[in-house]
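What follows is one structure encoded as structure tokens, with my remarks underneath.
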Amino acid sequence: MGEWYWIGLAVGVGAAFGLLFAGVFSTTRAGAVGAILLGAAAGVGVGFGLDDWDEALGGGLGGLGGAFGSAQVVRGAVGRGGTRGGTATLVSLAALVVAALALIPGVGYLEALVLPALGARLRRRGGERYAGLRILARD
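Below, the structure is given as structure tokens:
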């Protein structure tokens, strides 16, 4: 495999770490900042573990993108009634899928682009707490 594959793998695994840390820590604003920093640091660590500075740069940027794109979504899910543990579990499972998909050549680059874009789109569309069946209970 060429150098582009290893950089893409570092980017994708970094995005998965960013997603993981956002799912666990992003229930508060300070936790979201911490998740972004931890995601970038983990991505840099993955990159240096794979090879050299270019993988580390890619992994760090992937970690930033993954955490930044999902931190607001996690805060919104918890704010609209989701439990912290349940949200963290589901986002952690999604992070495993993202890491596995990063093994496909070129997909790691796409993950680092799609996660922030998806987070921005969902952030714009986010509403208030879901009414569910409470809307039928008229007084």
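Just so you know, we're using this note's numbering here: the sequence shown kicks off at 9 and counts up by one. Using N, Cα and C, we set each Cβ at its ideal position, and we do this for glycine too.
With distances taken from CA atoms, which of the options is nearest residue i?
i: Leu-72; options: Arg-129, Ala-49, Ala-107 and Ala-103; result: Ala-49
i: Phe-33; options: Arg-129, Val-52, Leu-111 and Ala-85; result: Ala-85
i: Tyr-13; options: Pro-113, Leu-58 and Ser-100; result: Pro-113
i: Leu-126; options: Leu-104, Arg-88 and Ala-75; result: Ala-75
i: Asp-197; options: Pro-124, Glu-11, Leu-123 and Leu-130; result: As displayed, the chain neither begins before 9 nor continues past 147, which places residue 197 out of reach and without an answer.
i: Gly-39; options: Gly-51, Arg-92, Ala-110 and Val-105; result: Arg-92
i: Gly-87; options: Arg-37, Ala-107 and Gly-16; result: Arg-37
i: Ala-107; options: Gly-70, Val-41 and Ile-44; result: Gly-70
Which of the three DSSP states is assigned to residue i in this structure?
i: Thr-97; result: helix
i: Ser-90; result: It should be pointed out that residue 90 corresponds to Gly in this sequence rather than to Ser. Coil at Gly-90, not helix or strand.
i: Gly-10; result: coil
i: Pro-8; result: Here the chain has residues from 9 to 147 only, and residue 8 is not among them.
i: Asp-62; result: helix
i: Ser-78; result: helix
Can you round the beta-carbon distance between residue i and residue j to whole angstroms, since I take them to be within the 8 Å contact cut?
i: Leu-58; j: Ala-102; result: The pair is not a contact, with the Cβ atoms about 22 Å apart (cut-off 8 Å).
i: Leu-109; j: Gly-20; result: 7 Å
i: Gly-67; j: Val-54; result: 5 Å
Would you call the segment 69 to 85 and the segment 22 to 29 touching, i.e. three or more CB-CB distances under 8 Å? Touching, per the Cβ criterion.
Could you check whether the segment 11 to 25 touches the segment 119 to 132, counting it as contact only if at least three pairs of C-beta atoms, one from each stretch, sit closer than 8 Å? A contact is defined here as three or more CB-CB pairs under 8 Å, and the segment 11 to 25 meets this definition with respect to the segment 119 to 132.
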